[in-house]
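The structure under discussion appears below in the form of structure tokens.
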Amino acid sequence: MNIVVCVKQIPDPANPGELDPETHTLKREGKLILDESDSYGVEMALQLADTAGGGEVTLVSMAPNSEVSGLRTALAMGAAQAILVSDDALRGSDALSTAKVLAKAIERAGEVDLVLTATESTDGYSGTIPAQVAELLGWPSLTFAKHVEIADGKAKIQRQTEAGFDEVEASLPAVVSVTAGVVEPRYPSFKGIMAAKNKPVDEVKVADLGLADDQVGWAGARQKITDVRDAPAREAGEKIEDDGTAHERVVAFLEQLKVI
Amino acid sequence: MGIPKIVVYAESEGDKPATSTLELLTKARELADTVECVYVGTNADALAGSLGEHGATKVHAVDPGDVLPGIVGAAALAGLVASDAPDVVLFAQSYDGRDAISRLSVKLDRPVLTNGTDLKVEGDAMVVGTAIFGGNTLVDTTFESEKPFLAAIRPKSFAAEPSGGAAAEVVALAAGDAGRGGEAKVLERHVEEREGPKLEEAPVVVSGGRGIGSAEAFGPIVDELAKLLNGASGASRAIVDAGWVPYSKQVGQTGKTVKPKLYIALGISGATQHLVGMKGSDTILAINKDGEAPIFSVADLGIVGDVHKVVPKLIEALQAR
Ligand SMILES: Cc1cc2nc3c(=O)[nH]c(=O)nc-3n(C[C@H](O)[C@H](O)[C@H](O)COP(=O)(O)OP(=O)(O)OC[C@H]3O[C@@H](n4cnc5c(N)ncnc54)[C@H](O)[C@@H]3O)c2cc1C
Ligand SMILES: Nc1ncnc2c1ncn2[C@@H]1O[C@H](COP(=O)(O)O)[C@@H](O)[C@H]1O
Numbered sequence: 001m002n003i004v005v006c007v008k009q010i011p012d013p014a015n016p017g018e019l020d021p022e023t024h025t026l027k028r029e030g031k032l033i034l035d036e037s038d039s040y041g042v043e044m045a046l047q048l049a050d051t052a053g054g055g056e057v058t059l060v061s062m063a064p065n066s067e068v069s070g071l072r073t074a075l076a077m078g079a080a081q082a083i084l085v086s087d088d089a090l091r092g093s094d095a096l097s098t099a100k101v102l103a104k105a106i107e108r109a110g111e112v113d114l115v116l117t118a119t120e121s122t123d124g125y126s127g128t129i130p131a132q133v134a135e136l137l138g139w140p141s142l143t144f145a146k147h148v149e150i151a152d153g154k155a156k157i158q159r160q161t162e163a164g165f166d167e168v169e170a171s172l173p174a175v176v177s178v179t180a181g182v183v184e185p186r187y188p189s190f191k192g193i194m195a196a197k198n199k200p201v202d203e204v205k206v207a208d209l210g211l212a213d214d215q216v217g218w219a220g221a222r223q224k225i226t227d228v229r230d231a232p233a234r235e236a237g238e239k240i241e242d243d244g245t246a247h248e249r250v251v252a253f254l255e256q257l258k259v260i
Numbered sequence: 261m262g263i264p265k266i267v268v269y270a271e272s273e274g275d276k277p278a279t280s281t282l283e284l285l286t287k288a289r290e291l292a293d294t295v296e297c298v299y300v301g302t303n304a305d306a307l308a309g310s311l312g313e314h315g316a317t318k319v320h321a322v323d324p325g326d327v328l329p330g331i332v333g334a335a336a337l338a339g340l341v342a343s344d345a346p347d348v349v350l351f352a353q354s355y356d357g358r359d360a361i362s363r364l365s366v367k368l369d370r371p372v373l374t375n376g377t378d379l380k381v382e383g384d385a386m387v388v389g390t391a392i393f394g395g396n397t398l399v400d401t402t403f404e405s406e407k408p409f410l411a412a413i414r415p416k417s418f419a420a421e422p423s424g425g426a427a428a429e430v431v432a433l434a435a436g437d438a439g440r441g442g443e444a445k446v447l448e449r450h451v452e453e454r455e456g457p458k459l460e461e462a463p464v465v466v467s468g469g470r471g472i473g474s475a476e477a478f479g480p481i482v483d484e485l486a487k488l489l490n491g492a493s494g495a496s497r498a499i500v501d502a503g504w505v506p507y508s509k510q511v512g513q514t515g516k517t518v519k520p521k522l523y524i525a526l527g528i529s530g531a532t533q534h535l536v537g538m539k540g541s542d543t544i545l546a547i548n549k550d551g552e553a554p555i556f557s558v559a560d561l562g563i564v565g566d567v568h569k570v571v572p573k574l575i576e577a578l579q580a581r
């Protein structure tokens, strides 16, 4: 079974995010890392390929400046190869343009049975890309999976809902978006890290994918950030150390609020 | 004055419209001359009264059979856009809403703006407000595409208020061709049992984080306090990921947004992704043993202390009343 995992490479979320003062988009210079949310998709893919008795796990990523750090992490976990789309023309791309690029890159990967993504990225969290990619490919999409099984040419998932979960199924090829916690991602082993250095990364440009420059980037986005401002801050109130009687202060507070 | 027509992608909870749908209708009727709904399901008649009361004049209802609703919704909406040319289609940032807006954006080749917390009309333009960096920065984005504009709005961004309108007229809408998308079938639904009020609607929310120490502590500490205050219990993602409580309890960026009268955070550090889901509460009370925890920066009352010491005494005091 051949599986593609879409993995986003993002600025380290441990550092505070920053907007570019000119374009008002998120700054993505400097080193990028594997979005932790995508490590679940990578692990899921490795396990599903294993259960199916073989097949390749290919990564697909769109990132600026030929970034491969995050891809190397996922390759070290065990993915076989990667397709990286990096092109100045992609600057400013919105969710739909990104989905168009990813769908074309997936087609480039050849015979694919399954595409895995996270439900939303940590830095952009538009949360639309999985179903957009599926629609572009003309495939079914099973979104918000907290459990995934593949059998008899079908994907079957437990899909998170407001009330609990639904069992949902579709024939392959299909796109499945997985939630954090669907599986426990492995840590790359030393051997994995060494092997990852020599795994193939096929770097392509927008034109190689048969997309026109005006379908992506600023032109493709067809939206404009018109204002950025600080939100009104919430004032911190009273803070007390518990000296064994703090619960009495809480009771008084609840009474004052008429909660009790 | 307003824009001519907004279509709202309506969702339900049983035989009632989802609160998020009523919130969208309330805002839509302020912005547009005509507001209509598309609803995927077979019980539109039961919803028509409430949808009408909140501003919809028509409900275009489509039967999904056993296909995932959002996928059918997108195909049906594509048909409605072709025949009725609405200016805007609004979705809740929900599971099915996200499926629907994503697929519709591809069918129409229109960009989407998601995670909205505000909507404005300026002349012929539509502006979507979003809150980023844990809600500390507000960003306005304006569509520059052809209509219809497609936006998904986070629940609890607007208050739902009835306008006294008559029941909406229910008309059948063709399912359209979902292509292979229609192969995504719902086999079975599992509903998790819940006691007490719904998390998003409870007047008091008591949430627990990693600071409660163990899965076993959630019942006696968090659930018990919530019950005594007629509230609902919630959680940080740390303890959802750890498997202590189900995902349905998660508050924050990737969980629920809550705006209760009172939010109580027990052993929660106050990461930006958590704050964004509860900062809109009227009043916030935090108990955390680390006096420097960021949760205190939004708390009206902060107790620097051990939840295992403060909360049992508090529960005892409340039970004694
Ligand atoms: C893309 C993304 C999305 C996310 N979405 C969400 C989301 O929706 N919701 C969410 O909550 N998080 C979310 N997070 C995770 C978030 O960043 C934090 O990791 C998480 O909120 C931390 O949970 P916590 O406060 O329970 O745990 P911790 O950060 O570990 O904090 C535990 C706190 O408990 C205190 N404590 C310990 N013992 C005691 C005691 N005995 N008594 C009192 N206090 C004690 C400690 O001082 C500490 O402040 C997201 C992260 C990412 C990257
Ligand atoms: N630039 C990208 N490269 C690879 N995968 C991506 C990219 N952007 C988004 N994705 C995938 O789509 C998911 C949802 O992203 P988003 O719609 O941005 O929230 C992510 O978690 C990734 O799995």
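Keeping their order, the protein sequence lines are chains W and H. Heads up: the first sequence at position 114 corresponds to 114 in the working numbering, and the numbers run straight through without jumps. Offset between the second sequence (1-based) and the working numbering: plus 260. Glycine residues also receive a C-beta, built at the ideal position from the N, C-alpha and C atoms.
Within the present structure, is the beta-carbon of residue i separated from the nearest heavy atom of ligand 1 by less than 7 Å?
i: lysine 519 of chain H; result: no
Can you tell me the Cβ-Cβ gap for residue i and residue j, rounded? I've got them flagged as a contact below 8 Å.
i: aspartate 323 of chain H; j: alanine 419 of chain H; result: Incorrect: roughly 32 Å between the Cβ atoms, too far for contact.
i: lysine 318 of chain H; j: glutamate 296 of chain H; result: 4 Å
i: glutamate 421 of chain H; j: threonine 286 of chain H; result: 5 Å
i: valine 536 of chain H; j: glycine 395 of chain H; result: 4 Å
i: threonine 532 of chain H; j: aspartate 560 of chain H; result: Wrong, their Cβ atoms sit about 19 Å apart, outside the cutoff.
i: methionine 77 of chain W; j: glutamate 43 of chain W; result: 7 Å
i: valine 182 of chain W; j: alanine 145 of chain W; result: 6 Å
i: lysine 100 of chain W; j: valine 216 of chain W; result: 7 Å
i: glycine 527 of chain H; j: glutamate 238 of chain W; result: That pair is no contact at about 19 Å.
Please list the terminal residues of the continuous beta strand (DSSP E) segment that includes residue i.
i: histidine 320 of chain H; result: 318-322
i: valine 201 of chain W; result: 201-204
i: glycine 269 of chain H; result: Per the sequence shown, residue 269 of chain H should be read as tyrosine rather than glycine. Segment 263-270, the beta strand (DSSP E) holding tyrosine 269 of chain H.
i: histidine 147 of chain W; result: 141-151
i: serine 571 of chain H; result: The question names serine, yet the displayed sequence has valine at residue 571 of chain H. That residue, valine 571 of chain H, is in no beta strand (DSSP E); its alpha helix (DSSP H) goes 567-579.
i: isoleucine 193 of chain W; result: Per DSSP, isoleucine 193 of chain W belongs to no beta strand (DSSP E); it is in the alpha helix (DSSP H), 190-196.
i: glutamate 443 of chain H; result: That residue, glutamate 443 of chain H, is in no beta strand (DSSP E); it is neither H nor E in DSSP.
i: alanine 582 of chain H; result: No answer is possible for residue 582 of chain H: the residues shown for chain H start at 261 and end at 581.
i: isoleucine 563 of chain H; result: 561-564
i: glutamate 429 of chain H; result: 429-432
i: threonine 377 of chain H; result: Unbroken run through threonine 377 of chain H: none, as it is neither H nor E.
Specify, as a first and last residue, the run of the alpha helix (DSSP H) that residue i falls within.
i: aspartate 411 of chain H; result: What sits at residue 411 of chain H in the sequence shown is alanine, not aspartate. Alanine 411 of chain H -> not in any alpha helix (DSSP H); beta strand (DSSP E) instead, spanning 409-413.
i: arginine 358 of chain H; result: 355-368
i: aspartate 344 of chain H; result: 329-344
i: alanine 304 of chain H; result: 304-313
Given 7 Å as the limit, tell me if residue i has its C-beta closer than that to any heavy atom belonging to ligand 2.
i: alanine 63 of chain W; result: yes
i: proline 463 of chain H; result: no
i: glycine 494 of chain H; result: no
i: proline 415 of chain H; result: no
i: leucine 488 of chain H; result: no
i: glutamate 162 of chain W; result: no
i: serine 37 of chain W; result: yes
i: glutamate 48 of chain W; result: Glutamate is not the amino acid found at residue 48 of chain W; the sequence shown has leucine there. Incorrect: leucine 48 of chain W has no Cβ contact closer than 7 Å to ligand 2.
i: glycine 127 of chain W; result: yes
i: glutamate 120 of chain W; result: yes
i: leucine 19 of chain W; result: no
i: leucine 366 of chain H; result: The identity of residue 366 of chain H in the sequence shown is valine, whereas the question assumes leucine. It does not: the Cβ of valine 366 of chain H is nowhere closer than 7 Å to a heavy atom of ligand 2.
i: threonine 117 of chain W; result: yes
i: leucine 172 of chain W; result: no
i: glycine 244 of chain W; result: no
i: proline 480 of chain H; result: no
i: alanine 212 of chain W; result: no
i: leucine 137 of chain W; result: no
i: alanine 95 of chain W; result: yes
i: glycine 315 of chain H; result: no
i: valine 204 of chain W; result: no
i: glycine 124 of chain W; result: yes
Does ligand 3 have a heavy atom nearer than 7 Å to the CB of residue i?
i: lysine 8 of chain W; result: Ligands present in the displayed structure are limited to ligand 1 and ligand 2, and ligand 3 is not among them.
Any residue whose CB is nearer than 5 Å to a heavy atom belonging to ligand 1, listed in chain order: W:Thr122, H:Gly469, H:Arg470, H:Gly471, H:Ser496, H:Arg497, H:Ala498, H:Gly512, H:Gln513, H:Thr514, H:Gly515, H:Gly527, H:Ile528, H:Ser529, H:Ala531, H:Gln533, H:His534, H:Asn548, H:Lys549, H:Asp550, H:Ala553, H:Asp566, H:Val567
Extract the residue ranges of the beta strand (DSSP E) inside the region 210-252 of chain W, only unbroken runs of 3 or more that lie entirely within it. 223-230, 238-241
Taking the runs of the beta strand (DSSP E) that are 3 residues or longer, which of them lie wholly in the region 453-532 of chain H? 464-468, 492-495, 522-526
Ignoring anything shorter than 4 residues, give me the alpha helix (DSSP H) runs that lie fully in the region 7-93 of chain W, in order along the chain. 36-51, 69-77
To test your reading of the DSSP string, which unbroken beta strand (DSSP E) runs of 3 or more residues are found completely within the region 101-186 of chain W? 114-118, 141-151, 154-160, 164-171, 174-178
Which full runs of the beta strand (DSSP E) of 3+ residues lie inside the region 379-412 of chain H, going along the chain? 385-392, 397-403
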